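Asker: Taking our numbering, the leading residue of the sequence shown gets 40, the next gets one more, and so forth. Each residue gets a CB set at the ideal place from its N, CA and C atoms; glycine is no exception. Keep in mind the model is a prediction, meaning the values are calculated, not measured.
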Amino acid sequence: MKPEILLDPHPAPHASKVAEALRSEWGASDAASATINLSSARQQRHCVEFLIDDGIEQFRLGMRRAGLGSAIAGCNRVRVLVVRLAPGSPVGELLGEAEIRISTTRPWSNADEIARAAIALTRQGVASRKVGKPIALRLAPRSRPGVRRTLSWLLSPFARSLWTSLKWRLGRQERQQWMIGALPRSSIRAEGPFPWQDMQWIEPPTDGIMADPCLVKNGDEHWLFYEHMLFTDTKATLYAARLEPRTGRLMAPQQVLSEPHHLSFPNVFRRDGDWFMLPEQGECGAVRLYRATSFPHAWTHYRDLLPSFPGLDPVLFWHDGKWWLFVTRSAVPCVDDNLHLFWSDSLSGEFFSHPLNPIKTGLFGSRMAGMIFEQDSQIIRPAQDGRNGYGHGLVLYAIETLTTKEYKEKLLCDWPPQTNGPFKYGLHALDICGDYAVVDAQRMITHHSK
């Protein structure tokens, strides 16, 4: 017997999509309640609800104007909450959540994005959880946006969107371009602002990007591994080159790994005399480890650490006799808002899921931004701030507790992109190697195609 799914007589299309996913994913024994409400009306019975929280108010997923009023009100992100409710209670049980960015210039697309996030949560089984965290409810009926607010929206972000589209049609194309820079490690201080003045920038190709830097030292040589992609390509490959960190001079860059799918975020480390690389390749549906057959240019598949986990930005960290794997689960549009933790006794052994998974949710500080490093007797986890766009800023956490049962961290700092300067569009990766650090940042470049 399937759980009862409640819909409006003429349901919103996005609510119907979620209902269809629920029917295909769950049986009655899977759900945390026999009733799942996807309508726009309050239910006088125990049920599981999918709610939307845009920071201003909470409302039900079944509302036809889901995502429209939020965008016009200036909200650029929402949380999709899966909550178990009791009739008349002001408190519910939060079973799971996803935070996603929504469009303030194309709000008619937001309802579908919200539905995709809800479907991603269903496929992770959150609504089958028997135990949740208390959450205060502030459900309100969703009203239509006022005339003044709508006109204000039309005259600002929507107008900017039209101007951008016009420039593309005229051939004056603007592109966001990632590039890599090096700086002394001593410049990286959690208690201060980001040291833009100390950067030695590496000029990327004029028709592409360099991103996700990883710096390692082999003998007396520093090697930089990074994502390389041309604007005309649909997927990236991984490159390596010798780097002089003091000057930013890059020597003899060469492709070292290519797959049929997108590759990025190379994490390179040495263990027991062997070099390993753990790149991002979520499109293949696995977290896959490589070993060098001839460092740094030849790599072969070693094993799948997580064979059925579409992982983004995976990072391995050796601590207390175990390997700890930090990774984000990809389920579009939920690609920046969760962090999972796994552990194993060896690189060749099974990786076990941490009981607190996901150990972090939300667009602020979940997705990894580089390899974990130690500084001033602290274990530092770099993460991304994705609230205002993918890779918008950097966040540093100090890991305080890391065991197979517990995880605890504290926020040290968050660095936004450059305020006065070209790199105002993103800052999303940091890697430390000895006395040096490398980061990537994003600028806007303009070229004419006509």
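Between the region 121–132 and the region 355–364, can you find at least three pairs of beta-carbon atoms closer than 8 angstroms?
Answerer: No, the region 355–364 does not touch the region 121–132.
Asker: In whole angstroms, give me the CA-to-CA distance for Ile111 and Leu302.
Answerer: Distance between the alpha carbons of Ile111 and Leu302 is about 36 angstroms.
Asker: Which partner residues does Asp424 have in the DSSP bridge list?
Answerer: Beta-bridge pairing links Asp424 to Phe403 and Gly432.
Asker: Cys323 by DSSP, collapsed to three states: which one?
Answerer: Residue state, collapsed to three classes: helix.
Asker: For Glu88, which residues in the same chain have their Cβ closer than 6 angstroms to its Cβ, ignoring the five residues on either side in sequence?
Answerer: Cβ within range, chain order: Asn76, Val122 and Leu124.
Asker: Go through its chain and collect everything with a Cβ distance to Pro234's Cβ below 6 angstroms, but skip five positions before and after it.
Answerer: Excluding residues within five positions, the ones whose Cβ falls inside 6 angstroms are Ser226.
Asker: Distance check for Arg426 and Ala60, CA to CA, integer angstroms please.
Answerer: Ala60 and Arg426: Cα-Cα distance of roughly 27 angstroms.
Asker: What number of angstroms, rounded off, separates the C-alpha of Glu413 from the C-alpha of Ile419?
Answerer: Approximately 6 angstroms, taken between the alpha carbons.
Asker: Is Gly106 near Ile139, with beta carbons less than 7 angstroms apart?
Answerer: Result no, Cβ atoms of Gly106 and Ile139 do not sit closer than 7 angstroms.
Asker: Using the Cβ count rule (16 or more neighbours within 10 Å means buried), how would you classify Trp147?
Answerer: With fewer than 16 other Cβ atoms within 10 Å, it is exposed.
Asker: If you draw a straight line from the C-alpha of Ile91 to the C-alpha of Pro455, how long is it?
Answerer: Between Ile91 and Pro455, the C-alpha separation is close to 27 angstroms.
Asker: Are Phe304 and Glu319 touching if we call contact CB-CB under 7 angstroms?
Answerer: For Phe304 and Glu319, yes; Cβs fall inside 7 angstroms.
Asker: Which one or two residues does DSSP pair with Ser303 in a beta bridge?
Answerer: Answer by DSSP bridge pairing, in chain order: Glu319.
Asker: Nearest by alpha-carbon distance to Arg285: which of Gln239, Cys253, Val326 and Leu328 is it?
Answerer: Nearest of Gln239, Cys253, Val326 and Leu328 to Arg285, Cα basis: Gln239.
Asker: In this structure, does DSSP put Thr442 in helix, strand or coil?
Answerer: If DSSP states are grouped into helix, strand and coil, Thr442 belongs with coil.
Asker: Please classify Ser385: is it buried, with 16 or more other beta-carbons within 10 angstroms of its beta-carbon, or exposed?
Answerer: With fewer than 16 other Cβ atoms within 10 Å, it is exposed.
Asker: So, at 8 angstroms on beta carbons, what are the nonlocal neighbours of Leu46 in its own chain, with the 5 sequence-adjacent residues on each side left out?
Answerer: Correct list, in chain order: Ala54, Ser55, Ala58, Leu77, Ser78 and Gly101.
Asker: For the beta strand (DSSP E) that contains Ile111, what are its first and last residues?
Answerer: Note, Ile111: premise wrong, no beta strand (DSSP E); alpha helix (DSSP H) at Leu107 to Ile111.
Asker: Ignore the nearest five residues each way along the sequence and tell me which others in His49's own chain have a CB closer than 6 angstroms to its CB.
Answerer: Cβ neighbours of His49 beyond the five flanking positions: none.
Asker: Is Arg224 helix, strand or coil when you go by DSSP?
Answerer: DSSP places Arg224 in helix when its eight states are reduced to three.
Asker: Starting from the C-beta of His431, find all residues in its chain whose C-beta is less than 7 angstroms away, skip the five residues before and the five after it, and write them out in chain order.
Answerer: These residues qualify, in order along the chain: Asp424, Gly425, Pro456 and Gly465.
Asker: Which word fits Leu450, buried or exposed, when buried means at least 16 other C-beta atoms lie within 10 angstroms of its C-beta?
Answerer: Under this definition Leu450 is an exposed residue.
Asker: Name the one or two DSSP bridge partners that Glu396 has.
Answerer: Per the sequence shown, the amino acid found at residue 396 is Asn instead of Glu. DSSP output for Asn396 lists no bridge partner at all.
Asker: Report all residues from its chain with a CB closer than 7 angstroms to the CB of Ala270; omit the five preceding and five following residues, and keep chain order.
Answerer: It is Phe, not Ala, that sits at residue 270 in the sequence shown. Within the same chain, Phe270 has close Cβ partners Arg214, Asp246 and Gly247.
Asker: Applying the criterion that 16 or more other CB atoms from any shown protein chain within 10 Å of the CB defines a buried residue, is Asn459 buried or exposed?
Answerer: Exposed, since its Cβ has fewer than 16 Cβ neighbours within 10 Å.
Asker: Is it the case that the Cβ atoms of Glu448 and Tyr429 are separated by a distance below 7 angstroms?
Answerer: Contact: no.
Asker: Could you tell me which residues DSSP pairs with Phe381 in its beta bridges?
Answerer: DSSP lists Leu364 and Ser392 as partners of Phe381.
Asker: Report buried or exposed for Val354, applying the criterion of at least 16 other Cβ atoms within 10 angstroms of its Cβ.
Answerer: It counts as buried.
Asker: When you compare the CB positions of Pro421 and Leu469, do they come within less than 7 angstroms of one another, or not?
Answerer: Yes, they are a contact pair.
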